[in-house]
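Each remark here refers to the structure printed beneath this line.
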Amino acid sequence: MKTRSYKEFDYFEHWTRRDFLKKTGTWAGVGLLQPVLSLIGQGKSIAAAYPDEVLSIEKYTKGRIKPGMIISKENVELIKDIAPEGLVVELQRGAQIKIAETTMRPEAKVPRFWLEATLRNKGQAVLDSKGQLWHKGGGPWTGGFPFPEPKTALEAIWDFSFSPRRYDTLRVVYTENHVDTNGTLVRHDSGLFGQIQSVGRLVVDPKPVVPKYKDELHRVILSLNEPFDSYGLGVLTTVYYDGSRLPDTDLYIPALRRTRRVPSTQRFEPSSPYSVSYATDFDIQGDPVLTWSWNLAGRKPMLGPSPSNLGARAKGAKREDFVFPDFPDKFPRSTWELRPEMILLDGVPHLPGANYSRKRVYIDAIYLITELADIWDMAGKLWKFLFFIWGDTGVPDTPDLTGIVFADLQRDFHSNVSFHNRIGDYTFLVNSPELETDNWATPSAMLRRARH
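Going by this note's numbering, the sequence shown opens with residue -5, and the numbers climb by one from there.
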């Protein structure tokens, strides 16, 4: 009998949910043998939700790929069938990744309080005829994943987009290196990023909703410190709960010492000089959910970033370490692992000025976060690869972003972001009552803080 290689083996064609439904008459959510969420609720390993062969890259690839292996342009063919297209291009051009064992702990990338809220609120989320998310009792969603066992593309994207960072309040400090095709650093930025959730709050009072801002999803504040030509610039974005409404954007302009409302329609333009990222790219999907149409393209085991990528928080890391080390390199090295179930979503924008024809978003079915996206231009040619890295921040039960790669594959140009626990007087901070909307995320708040 011929043994099929893993390249020929369509796992989810062989083990389909329909087959399991016929055999067991049970369910069709995340996980293949049984629901992941019920295992989390029972304090059991999620390994029981999947057959052994998708929990081991060595088994899945019939020994061709093993933990500890380095993947580069010399052997990239080994992973072509289990990797995003953009990652394959990066490896062909000189990037290197290391393969690790599959992580079984959902809390490696999702805070425990969010998982507990998901268990508590399961079955309470509904979508109306327009696709807008609501609590079935009326009003906005109250926190946790609204659809822990997503069956449609819209349910899956709402799981992530409702609260991309999971925390009621968040403040992070970052540096960003813009590197050209020759590997030359052409610009270095640094700044402060904050996000304050208005609904679905689980830790910080008032919860679950800030009454004054009940029609909003969250507010985002960006304050730039470097380079000198951007020092003091502030950007405030108000994201509305209505998934079809564009955000409002206000700038604080240091030279004028004034704030100005600017159009939010320019979402497909560089966010700063030399930057690969657009406003639409933030958090992989920076536009309101319903301004795009979404299609479920499939589910299958795929490579995903390991939580061992600590980035700038990896003390003493060297350039050659596979932890996304904080150096101004074109291709920081990172560690990847086989994820047993990745949900593939294809999104098409319906916004003025959109120059993307399609975006493929890869959502990890266990974490229900997206760290990866491929983007095609209007001619259908692969244009960008987005790589958001979640990992251990060094703060207990506080996983968050450790790094980002915005790769322009057509120009071979990169904007690489590292997150830090401290830069100057500012520290990494989550779920802090100190971060109130009126003190941080209004035009008047930007003016007050700029004058101090």
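Virtual Cβ for every residue (Gly too), placed ideally from N, Cα, C.
query                                                                                                                        : result
Nearest to MET254 (by Cα), restricted to the options TYR44, ASP46, SER438, ILE34                                             : In the sequence as presented, Met is not what sits at residue 254; that position holds Arg. When each option's Cα is compared against that of ARG254, the closest is SER438.
Option nearest TRP384 by Cα separation, candidates GLU110, THR97, GLY374                                                     : THR97
Between the CA atoms of PRO140 and TRP21 - distance to the nearest angstrom                                                  : Caution applies to TRP21, whose pLDDT of 32 falls short of 50 and renders its modelled position unreliable; the model cannot decide the point.
Exposed unless 16 or more other CB atoms sit within 10 angstroms - verdict on GLY138                                         : buried
For THR524, the first and last residue of its enclosing alpha helix (DSSP H)                                                 : Lying before the first or after the last residue shown, residue 524 is absent from the chain, which here runs from -5 to 446.
Anticipated Cβ contact below 8 Å, GLU149 with SER184, distance rounded                                                       : Not quite, the Cβ-Cβ distance comes to about 37 Å (not below 8 Å), so this is no contact.
Cross-strand partners of ILE383 (DSSP beta bridge)                                                                           : GLY397
Extent of the continuous alpha helix (DSSP H) run through LEU345                                                             : Premise fails: LEU345 is in no alpha helix (DSSP H) and is neither H nor E.
Residues near LEU423 by beta carbon distance below 6 Å, same chain, minus five either side                                   : ARG165
Inter-stretch contact at 8 Å, needing at least 3 Cβ pairs: the stretch 42 to 53 / the stretch 88 to 107                      : yes
Through-space distance from ASP402 to ASN176, alpha-carbon basis                                                             : 14 Å
Environment of TYR350 [buried if 16+ CB atoms lie within 10 Å]                                                               : buried
Bridge-paired residues (DSSP) for VAL166                                                                                     : PHE187
From THR396, PRO144, PHE187, GLU430, residue whose alpha carbon lies closest to that of LEU339                               : PRO144
MET440 and TYR356 closer than 8 Å at C-beta                                                                                  : no
Length of the line joining the Cα atoms of PRO322 and THR163                                                                 : 29 Å
Extent of the continuous alpha helix (DSSP H) to which SER32 belongs                                                         : 30 to 35
Coarse secondary structure for ALA102, derived from DSSP in three states                                                     : helix
Segments of 3+ residues assigned as beta strand (DSSP E) that fall wholly inside the stretch 348 to 382                      : 350 to 358, 364 to 371
Contact the stretch 75 to 82 vs the stretch 300 to 315: 3+ CB pairs below 8 Å                                                : no
Rounded C-alpha distance that separates PRO100 from ALA359                                                                   : 10 Å
Spatial neighbours of ASN433 in its chain, beta-carbon cut-off 7 Å, leaving aside the 5 residues before and after            : ALA439
Residues that DSSP places opposite LYS294 in a beta bridge                                                                   : MET336
CA nearest to the CA of THR232, picked from VAL193, PRO390, VAL197                                                           : VAL193
ASP277 CB to nearest heavy atom of the ligand ZN below 7 Å                                                                   : This structure lacks the ligand ZN; in fact it carries no ligand of any kind.
Assigned exposure category for PRO334 - 16 Cβ within 10 Å defines buried                                                     : buried
Beta-carbon contacts of ARG445 that lie in its chain and below 7 Å, excluding the five residues immediately before and after : none
Same chain, Cβ closer than 8 Å to ILE247, five either side skipped, listed in chain order                                    : LEU227, THR253, ARG254
Residue(s) in a DSSP beta bridge with GLU220                                                                                 : SER184
Member of PHE382, PRO29, ALA102 whose CA lies at the smallest distance from the CA of GLN279                                 : PHE382
Straight-line Cα distance separating ASN289 from PHE154                                                                      : 15 Å
Sequence-distant residues of its chain with Cβ nearer than 6 Å to LEU362 (five each side left out)                           : PHE139, ASP153
Three-way DSSP call (helix, strand, coil) for THR278 in this model                                                           : Correcting the residue type first, residue 278 is Ile in the shown sequence and not Thr. The answer is coil: DSSP assigns ILE278 none of H, G, I, E or B.
Assumed close pair PHE325, GLN118 - CB separation to whole angstroms, cut-off 8 Å                                            : Not confirmed; about 44 Å, so no contact.
Paired residues, beta bridge with LEU230 - DSSP                                                                              : ILE215, ASP244
Start and end residues, beta strand (DSSP E) containing ALA119                                                               : 119 to 121
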